[in-house]
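In our numbering, the protein residues as written are 3 to 171.
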């Protein structure tokens with residue numbers, strides 16, 4: 003097996019490992035968000051950020067290994083080349099099969115991770131909306147007095163109240 007293919011296999015295995023860890027963290031995050039455990043959430047986010055940095059490093063290695071393989075085959079390196087694209091250039095069935103299986107496993111993990119992340123994002127957005135609503139209730143100053151007054155009469159507070167509807171509209 004050429005060195006660049008071995009390197010890609012190693013990188014793909016690393017990406018799979020990192021995505022599995024992200025999946026575990028995403029599943030842990032859901033009840034933490036629901037139960038408003040901010041400190042635990044911060045720890046999980048810190049772990050996720052560490053994993054994402056590792057993923058970026060591995061992705062750079064994948065791009066480099068892909069470029070090396072393309073150069074060895076007489077093609078111009080392109081960072082946008084995917085494993086599926088690359089598999090068309092691999093002639094050994096064993097190497098192609100191994101890379102495609104790893105790619106399918108990685109895609110499966112990504113598809114499993116996506117709805118969990120979307121749910122967590124929605125839960126966080128709802129939590130923030132509730133916090134904003136609660137803050138508005140505490141901070142809100144009465145803009146319009148609750149008692150009806152004739153608009154022709156002078157307001158005692160010095161602020162004139164306008165009706166809800168503009169009659170000119």
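The C-beta atom is built at its ideal place from N, Cα and C for all residues, glycine as well.
For the set 16, 8, 34 and 9, the Cα lying nearest the Cα of residue 121 is the one of 34.
Listed in chain order, the beta strand (DSSP E) elements of length 3 or more contained wholly in the segment 85 to 119 amount to none. The C-beta distance from residue 108 to residue 21 rounds to 6 Å, short enough to fall under 8 Å. Between residue 46 and residue 30, the C-beta gap is smaller than 8 Å, which places the two residues in contact.
Separation of the CB atoms of residue 71 and residue 88 is rounded to 7 Å, and the pair is thereby assigned contact status at 8 Å. As the crow flies, the alpha-carbon of residue 11 is around 8 Å from that of residue 104.
Scanning its chain for C-beta atoms nearer than 7 Å, with the 5 sequence neighbours on each side dropped, one finds around residue 28 the residues 115, 118, 119 and 122, in chain order. Cα atoms of residue 73 and residue 67: separation of roughly 10 Å, rounded to the nearest angstrom.
When DSSP states are grouped into helix, strand and coil, residue 138 belongs to the helix group.
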